[in-house]
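Q: Below you'll find the structure I mean.
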Amino acid sequence: MPETPDYPAAREPGCPFAPAAAVRTMTRDNPVGRVRIWDGSTPWFITRHADQRALLNDPRLSIDEKRAGYPHMTRARAASAPHHPALITNTDPPEHTRLRRTVNGPFMVKRVEALRPRIQEVLDSLIDDMLALPSKKADLVQAIGLPVPTLVITEILGAPYADHELFQTTSHVLISHDSTPEEAAAAGRAIGGYLSDLLDRKIAEPGDDVVSEMAGWVTAGQMTRPEAITMANAILIAGHETSASMISLGTLALLQNPEQLALLRDNSDDPKFVANAAEELLRYLTIVHSGIRRIANEDIELHDTVIRAGDGVIFDLAAANWDDAQFPEPDRLDLRRPARQHHAFGFGAHQCLGQSLARVELQIAYGTLYRRIPTLALAVPFEEVPFAMEGVAYGLKSLPVTW
Amino acid sequence: MRIEFDEPRCVAAGQCAMVAPELFDQRDDDGVAIVLNASPGPDQQDDAREAAAVCPAAAIRLVAE
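So the sequence lines, in the order shown, correspond to chains H and W. In this note's numbering, each residue carries its 1-based index in the first sequence increased by 372. In this note's numbering, each residue carries its 1-based index in the second sequence increased by 25.
Below, the structure written as structure tokens:
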């Protein structure tokens, strides 16, 4: 019997960008293996790119987190799952399709493309502030990484930026593996209460933003209040630390690969090059490192193994993005490689709702930062950069830089 | 080559409109894909193939003619 590693598994010291060795071994040797998760259960573990592509579109798998045997990501999620209303994150087609089309408007390609000038303006002003520091030293996470997506997502939701501290602390508690169910519930209540008030304000006085749009659906009876609040909360959390992590980690990865950084800097005015560079950084970093979860509706045969109806299944996205059958020499950051078919946003009907917005944010960040700060460098040795590995997505606690 | 689009499967991710804007657009109200040109010319066939490959819902099929 092959061994059953604990999951999520720790990465090798010194290789913070690479998926854990146990995960990479399974991609090579054991494509339909099992891992042991926090509650002691041993769901199936799918790591190959081609298998994920096929199964994440297979109606024999369900995302219904209320079913017994669903392999929950954390203890807190298991405790809260039975209380969630119907959401895009816990329903299957056709209900999922209806919900997703309802909330999709603000994330359409042309709507997020229209945000480009505003995001560019936000970033340029943050860079101005940073470059004005006499010490010529800053923490890039606090100076750029976090404020860019926070500003963008609060503007999209129509929430005042002044409330960003509440967003940042509650979203951190809600996605951390270290939070107790009580802490998560308290954070959920705090943000839920805040968003409920915001919804009331938007029902009374609508603006040009997502919560106002949802307020309209609530008034029209097309969406319930709890659905609107939970959805706004999900948008806030999902749009927050993920983009922040990608900006900071992407910068660190580029600083570790100076020839790639130079290539990007020299091609900053080529939107196609920058767009592909963002895809390759998404592939290489794959920050959602806790696996996405499903439960089998019926028996599924794969590589001579049968996944039984009722079994939990976990898909490790980073493993697929480091599967050398799809991406040769996956450990090489190569901004010119065709990387578009990565699974950093997942795959299938539940692929990230905000991916187009994330792409615009990242393209602007990667296309601007190194052009405007060509001498950007680490202010501490690489080994001393503190990683935050405990969340659903990994990131950096800080990124001390100089220029 | 002919593009076949399975609308009920579409989750409106807009990836087709992003990689092949000459062939696909998104409906204004909900983002569901619209096929602008179901018979891509020889210089558009790579874009069509990429659109089919990146569609997360496997709603785009290419049929040889």
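Where a beta carbon is used, it is the ideal one built from N, C-alpha and C, also for glycine. Remember, predicted model here, so these are calculated numbers, not experimental data.
Measure the CB-CB distance between Ile601/H and Leu567/H and report whether it falls below 8 angstroms.
A: A contact, by the Cβ cut-off of 8 angstroms.
Q: Less than 6 angstroms between C-beta atoms, sequence neighbours within five positions excluded: which residues of the same chain meet that for Ala749/H?
A: Only Thr774 meet the Cβ criterion.
Q: My understanding is that Pro443/H touches Ser413/H, with C-beta atoms under 8 angstroms, so please give their C-beta distance in whole angstroms.
A: So it is a contact: roughly 6 angstroms between Cβ atoms.
Q: Let me check one thing: in DSSP terms, what residues is Phe417/H bridge-paired to?
A: DSSP, once it has assigned bridges, lists Gly405/H, Ile686/H as partnering Phe417/H.
Q: Report the rounded CA-to-CA distance for Phe759/H versus Leu725/H, giving the unit in angstroms.
A: Looking at the two C-alpha atoms, the distance is approximately 26 angstroms.
Q: Got a sec? Which residues, its chain only, sit under 7 angstroms from Ala393/H by beta carbon, not counting five neighbours each side?
A: Result list for Ala393/H: Glu384, in chain order.
Q: Along chain H, in chain order, which residues have C-beta atoms closer than 9 angstroms to that of Asp71/W?
A: Those do not exist, as Asp71/W stays about 11 angstroms from chain H at its closest Cβ, beyond 9 angstroms.
Q: What does Ala45/W touch in chain H if you count any residue whose Cβ is under 7 angstroms from its own?
A: Going along chain H, no residue has its Cβ under 7 angstroms from Ala45/W, so there is no contact; the nearest lies around 11 angstroms.
Q: Just to confirm before moving on: does the CB-CB distance between Thr623/H and Leu741/H stay below 8 angstroms?
A: Yes, these two residues count as a Cβ contact at 8 angstroms.
Q: Taking the runs of the alpha helix (DSSP H) that are 4 residues or longer, which of them lie wholly in the segment 637-724 of chain H?
A: For the segment 637-724 of chain H, whole alpha helix (DSSP H) runs of length 4 or above, ordered along the chain, are 643-657, 689-693.
Q: Distance, Cα to Cα, Lys574/H vs Asp581/H?
A: If you take the alpha carbons of Lys574/H and Asp581/H, they lie about 9 angstroms apart.
Q: Who are the Cβ neighbours of Gly386/H in its own chain at under 8 angstroms, not counting the five residues just before and after it?
A: So the qualifying residues of the chain are Glu755.
Q: Less than 8 angstroms between CB atoms is the rule here; does Gln727/H satisfy it with respect to chain W?
A: Yes, Gln727/H lies at the interface with chain W (some Cβ there is under 8 angstroms from its Cβ).
Q: At a Cβ threshold of 8 angstroms, is Asp22/W touching chain H?
A: Lying outside 26 to 90, the shown extent of chain W, residue 22/W is not represented and no answer is given.
Q: What is the DSSP secondary structure of Ile28/W, reduced to helix, strand or coil?
A: Strand.
Q: Could you give the uninterrupted runs of the alpha helix (DSSP H) lying entirely in the segment 407-492 of chain H, keeping only those of 4 residues or more?
A: Fully enclosed alpha helix (DSSP H) runs of 4 or longer: 421-427, 447-452, 467-475, 481-485.
Q: Round the Cβ separation of Met398/H and Thr419/H to the nearest angstrom and send it over; I've been treating them as touching at under 8 angstroms.
A: The pair is a contact, with the Cβ atoms about 5 angstroms apart (cut-off 8 angstroms).
Q: Quick one: is Ala77/W near chain H, going by C-beta distance under 8 angstroms?
A: It does not; no Cβ of chain H falls within 8 angstroms.
Q: Can the beta-carbon of Glu32/W be found closer than 8 angstroms to that of Arg712/H?
A: No, Cβ-Cβ distance for Glu32/W and Arg712/H is not below 8 angstroms.
Q: Which value, in whole angstroms, describes the spacing of the CA atoms of Arg666/H and Pro746/H?
A: Each residue's Cα considered, the two are about 44 angstroms apart.
Q: Looking at the structure shown, is Gln40/W part of a helix, part of a strand, or coil, going by DSSP?
A: Here Gln40/W sits in helix by DSSP.
Q: Can you check whether the CB of His715/H is closer than 8 angstroms to the CB of His421/H?
A: Going by C-beta atoms, His421/H is nearer than 8 angstroms to His715/H.
Q: For Arg86/W, name the three-state secondary structure that DSSP assigns.
A: The answer is strand: DSSP assigns Arg86/W an E or B state.
Q: With burial defined as no fewer than 16 other Cβ atoms inside 10 Å of the residue's Cβ, what is the status of Arg655/H: buried or exposed?
A: With 16 or more Cβ atoms within 10 Å of its Cβ, Arg655/H is classed as buried.
Q: Can you say whether Ala576/H is buried or exposed, counting buried as having 16 or more other CB atoms within 10 angstroms of its CB?
A: Its Cβ having fewer than 16 others within 10 Å, Ala576/H is exposed.
Q: Just the Cα atoms here: how many angstroms apart are Pro772/H and Lys509/H?
A: Looking at the two C-alpha atoms, the distance is approximately 7 angstroms.
Q: Starting from Lys574/H and walking both ways along the alpha helix (DSSP H), at which residues does that stretch end?
A: Unbroken alpha helix (DSSP H) run through Lys574/H: 553-576.
Q: What residue does the alpha helix (DSSP H) around Asp71/W start on, and which one ends it?
A: It spans 70-79 - the alpha helix (DSSP H) in which Asp71/W sits, taken as one unbroken run.
Q: If the cut is a Cβ gap below 7 angstroms, which residues of chain H does Ala58/W touch?
A: None at all; the shortest Cβ gap to chain H is about 10 angstroms.
Q: Is the CB-CB distance between Val484/H and Ile619/H below 8 angstroms?
A: Going by C-beta atoms, Val484/H is not nearer than 8 angstroms to Ile619/H.
Q: Identify which residue in Asp436/H, Asp572/H, Arg743/H, Leu538/H has its Cα closest to the Cα of Ser640/H.
A: The shortest Cα separation from Ser640/H among Asp436/H, Asp572/H, Arg743/H, Leu538/H belongs to Arg743/H.
Q: Taking only the alpha-carbon atoms, compute the straight-line gap between Ala556/H and Met26/W and give it to the nearest angstrom.
A: Straight-line Cα distance between these residues: approximately 52 angstroms.
Q: Give the DSSP-derived three-state secondary structure of Gln594/H in the structure shown.
A: If DSSP states are grouped into helix, strand and coil, Gln594/H belongs with coil.
Q: Where DSSP assigns a beta bridge to Phe49/W, which residues make up the other side?
A: Answer by DSSP bridge pairing, in chain order: Val60/W.
Q: Applying the criterion that 16 or more other CB atoms from any shown protein chain within 10 Å of the CB defines a buried residue, is Ala730/H buried or exposed?
A: Ala730/H comes out buried.
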